[in-house]
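So the structure is just underneath, and the comments pick up after that.
There are 2 protein chains.
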Amino acid sequence: MIHQRECPIETVIHVLGGKWKPTILWNLVESTKRYSDLEKLIPDVSQKMLTQHLRDLEHEGVIQRTVYPTVPPKVEYSLSEYGRTLVPVAEMMCAWGEKHNERKQKEPAS
Amino acid sequence: MIHQRECPIETVIHVLGGKWKPTILWNLVESTKRYSDLEKLIPDVSQKMLTQHLRDLEHEGVIQRTVYPTVPPKVEYSLSEYGRTLVPVAEMMCAWGEKHNERKQKEPAS
DNA sequence: CAGTATCCCAATCGATACTG
DNA sequence: CAGTATCGATTGGGATACTG
């Protein structure tokens, strides 16, 4: 992947743009969650995508991964302080998205 | 494509998430542009993608397409009033994206 | 001028099976 | 419990050629 991002909007889309990334984010806003919690909270996500998205978000510094070296293993995911700076952006996107969805329902023709 | 959008963030990503869509949007914020203007302003976009993205944005109601039935044809694209409601959202995304890009440059390690 | 049409490659995502 | 590995289907995007 080329890491010249002319447009910073693409950066946000890159960070948030994965099928389950927004959902993961919302779930971690409330509180820290274990891997298995996220699996239950997001029933339709495959293990592959959940793991991949968690790794991506971790790499971007948005979430933190904490491993407890116990048997069986315990891994917790939480929003980092930095990740919380993304929340207002996500909320603004969410607000526009909601209005847009309503609008599209009202005018199927145009 | 399934049009159930559980998360409205995905809606925004769907509207703005195409390789050249943000760029197209920025170019239309200033003023109305002709198809050929956009081709010149965005040299790396292929005709296929430019046309496709313009159609997408038009379908979402973000831009307006005006055809002048002259020979040769003249087609103008402009941001709709509705499309302008998306600009503040895009700007907020842009601001976060810029900071994020700076951050990533500063800490290549972690 | 403003597009279409076609072919092809790369990335994304899902399903399934397996493991420290 | 928390993953990894592999395969295959779908989608996004680029290159080229052609048209009302």
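Going down the list, the protein sequences come from chains C and L. What the first sequence shows, in UniProt numbering, is residues 1 to 110, in sequence order. What the second sequence shows, in UniProt numbering, is residues 1 to 110, in sequence order. All residues carry an ideal CB built from backbone N, CA and C; glycine is no exception.
Check	Outcome
For L/Thr11 and L/Tyr35, the rounded distance between their alpha carbons	26 Å
L/Ile24 versus L/Leu50, L/Met92, L/Gly61 and L/Pro69, residue with shortest Cα-Cα distance	L/Leu50
Close Cβ partners of C/Val75 (< 8 Å) along its chain, the five nearest in sequence each way excluded	Arg34, Tyr35, Arg65, Thr66, Val67 and Tyr68
Contact check, C/Pro8 vs L/Gly97, beta carbons under 8 Å	yes
Within chain C, partners of L/Val15 - CB distance below 9 Å	Trp96, Gly97 and His100
Under the three-state DSSP convention, the category L/Val29 falls into	helix
Rounded straight-line distance, which links the Cα of C/Lys19 to that of C/Leu57	13 Å
Buried or exposed (CB count within 10 angstroms, at least 16 for buried), C/Ala95	exposed
Pairwise C-alpha distance: C/Gly17 and C/Asp37	22 Å
Bridge partner(s) assigned by DSSP for C/Glu60	According to DSSP, which records beta bridges pairwise, C/Glu60 is partnered with nothing at all.
Distance CB(C/Thr32)-CB(C/Ser80) smaller than 8 Å	no
Strand pairing of L/Leu54, partner residues [DSSP]	None; L/Leu54 has no bridge partner.
Unbroken beta strand (DSSP E) run spanning L/Glu76, endpoints	Lys74 to Leu79
Chain C residues whose Cβ lies nearer than 7 Å to that of L/Glu10	Pro22
Which residues DSSP lists as bridging C/Arg84, in chain order	Answer is none; C/Arg84 lacks a bridge partner.
DSSP three-state assignment for L/Thr66, whether helix, strand or coil	strand
Residues that C/Val89 contacts on chain L, provided the C-beta gap is smaller than 7 Å	Met92, Met93 and Trp96
Contact with chain L by C/Thr51, beta-carbon distance below 8 Å	no
Spatially closest choice to residue 113 of chain L from C/His59, C/His100, C/His14 and C/Pro88, by CA coordinates	Because residue 113 of chain L is not part of the residues shown, which for chain L are 1 to 110, the question remains open.
Interface flag, L/Thr70 vs chain C, CB-CB below 8 Å	no
9 Å Cβ cut-off: residues of chain L touching C/Thr32	Ordered by position in chain L, no residue passes the 9 Å Cβ test against C/Thr32, which lies about 20 Å from the chain.
Residues that DSSP places opposite C/Arg34 in a beta bridge	C/Glu76
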